[in-house]
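*Asks:* Have a look at the structure that comes next, please.
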Ligand SMILES: Cc1cc2nc3c(=O)[nH]c(=O)nc-3n(C[C@H](O)[C@H](O)[C@H](O)COP(=O)(O)OP(=O)(O)OC[C@H]3O[C@@H](n4cnc5c(N)ncnc54)[C@H](O)[C@@H]3O)c2cc1C
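In my numbering, the protein residues as written are 1396 to 1788.
Here it is, written out as C-alpha cells:
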C-alpha cells in the first residue's frame, strides 16, 4: 500500500525543514520528511556528549547573517546567544591572533605598532598580483609571503590535499585581513548561536508544523521513493545520487571528527593555557597549520555559552570522500562544474513535471558551499514561489 502525502521532502537539514515548516503552516499541506541519518538537523545537528557538553556533530556551525528576513524567520523558533567568534592559529609553538590583524602584526614584530606601519609593511610585502588566478596568489597579494607561510600554506594543503596553487582564488577569499585591532573571524552584522542549540531550534520548527509533518529518520529516499505517493518532491540530497550517478560522481572533500571530553578536574590543569576556568583552549577555534594531521581544534562551549563545568574539544582531520565518508566540501574545478551542469539540466526537466514535480534545493542538490543563512534564504525564496503557484491554482 502506498503512503500518500502532498509533499515528500528528502533531507532534514536547514533546507528541508524550512520547506516543511513553511508548507505546513502556510499551505496546511501534508509532508513526509525522510532523513537517512538517525537524527534531524543535517550538518547543523548538535547533541550532548556523555559529560553533558553540547557539541556540534559535524564541525563548528557559527551562525551569522546580514539577512534580516532569515534572522526574523529563525527567531520564531529560538532566542539567541550573541557571540563574537574569535579564533587563533597555533604555529611555531605559540598562539597567534587570526585572521591577520594589527595584533598579529605586533606579535610578528615583537613590539607595539600602528595601522599606518602595518599598511606600509603590507604595501611593501604583498605581491602585486592584480587578478590572482589561484589561492596562493590571492593570499600572497593580500598578506605577503611571511603570513602566507605561517598561517595559510600548511592549513590549506592539509584541508584540500593539494597545493594552494592548484586551488581557485575563491577558496581563500573568504578570510578577512585587517589593519586595525578588529580580531573577529567573521564580518556579518548578526553573529549568534541558537540559545538552546540547533537541534532544539529544529524541534521547535517541527512543533510548529504539527500535525502536517511526519519525519522518518534512518530512511533513505531510494528505499521509499516507490512506496510514497506525493505530487511534489523537494530534494536536498546529492544531485548526482538522485540521477544514480549517470554522469559520474561529483567530487567532495570530507572530514573525520575526533571528540575528546574533559571533566572539570582535568580542565584545572589547562587553565594556564586556556586562561579561563572550565576550558581546554583559549578560543573557540584554534587552527593548526603545522605538521599535525588535523587542521583545527574546536571547543564549541566558548561560543554556545553553555554553563557546564566540563568541556569537550573536537579535532578535525581532512580526508578523501570515499566509502562511508560524508560529502562536505565540493571540489570546484572546470571538470566538476561540467558534470554538475549536466545534472542541473536533468533537474530542470523535472522541475516542471506534470505528474510529479521535483525541486532541488540546498547545498548538496546544488553542489555549492552555502552557509546556513544562505540555505534558509534560498528555501524561503523557493517557498514563496511555491506559495504563489498554489494561490494561483
Ligand atoms: C565542517 C562544516 C562546517 C560548517 N560551518 C558552518 C558555519 O560555521 N556557518 C554556516 O553558516 N555554515 C556552516 N556550514 C554549512 C552548513 O553545514 C550548511 O549551510 C547546511 O548544512 C546546509 O543545509 P542543507 O539542509 O542544505 O544540507 P544538510 O545540512 O547537509 O542536510 C541535508 C540532509 O539530507 C540528508 N540526505 C542526503 N541524501 C539523502 C537520501 N538519499 N535520503 C534521505 N536523506 C538524505 C543528509 O543526511 C542530510 O542530513 C558548515 C559546513 C561544514 C561541512
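Every residue gets a Cβ at the ideal spot worked out from N, C-alpha and C, and that includes glycine.
Every value quoted in this text rests on a predicted model; they were computed, and no experiment measured them.
List the DSSP bridge partners of residue 1441.
*Replies:* Answer is 1451, bridged to residue 1441.
*Asks:* Per DSSP, residue 1650 is paired with what?
*Replies:* Looking at the DSSP assignment, residue 1650 forms a beta bridge with 1713.
*Asks:* Going by other Cβ atoms of all chains shown within 10 Å of its Cβ, with 16 needed for buried, is residue 1558 buried or exposed?
*Replies:* Residue 1558 is exposed by the Cβ-count criterion.
*Asks:* If we ignore side chains and look at the alpha-carbon of each, how far apart do residue 1509 and residue 1716 end up?
*Replies:* Whole-angstrom Cα-Cα distance: 45 Å.
*Asks:* Can you give me the start and stop residues for the beta strand (DSSP E) that residue 1627 sits inside?
*Replies:* Unbroken beta strand (DSSP E) run through residue 1627: 1627-1630.
*Asks:* Does the beta carbon of residue 1766 fall short of 7 Å from some heavy atom of ligand 1?
*Replies:* Within the cutoff, so yes.
*Asks:* Alpha carbon to alpha carbon, what distance is there between residue 1593 and residue 1474?
*Replies:* Each residue's Cα considered, the two are about 11 Å apart.
*Asks:* Give a yes or no on whether the C-beta atoms belonging to residue 1400 and residue 1623 are separated by under 8 Å.
*Replies:* Their beta carbons are under 8 Å apart, which means residue 1400 touches residue 1623 by this criterion.
*Asks:* Count the CB pairs spanning the region 1665-1675 and the region 1452-1460 that are closer than 8 Å, and state whether there are at least three.
*Replies:* Contact between the region 1665-1675 and the region 1452-1460 is absent, because fewer than three Cβ pairs lie under 8 Å.
*Asks:* Can you tell me where the beta strand (DSSP E) holding residue 1752 begins and where it ends?
*Replies:* Counting along the chain, the beta strand (DSSP E) containing residue 1752 begins and ends at 1752-1755.
*Asks:* For a minimum of 4 consecutive residues, which ranges assigned as the alpha helix (DSSP H) are wholly contained in the region 1579-1641?
*Replies:* You should have 1593-1604, 1616-1619, 1634-1637.
*Asks:* Would you kindly report the start and end of the unbroken alpha helix (DSSP H) that includes residue 1574?
*Replies:* Per DSSP, residue 1574 belongs to no alpha helix (DSSP H) and is neither H nor E.
*Asks:* Checking 8 Å against the spacing of the C-beta atoms, do residue 1554 and residue 1649 come in under that value?
*Replies:* No; because the gap between Cβ atoms is not below 8 Å, this pair is not in contact.
*Asks:* Could you work out which residue in 1563, 1512, 1504 is closest to residue 1531 when comparing CA atoms only?
*Replies:* Answer by Cα proximity: 1563.
*Asks:* Go ahead and pull the three-state DSSP assignment for residue 1726.
*Replies:* Here residue 1726 sits in coil by DSSP.
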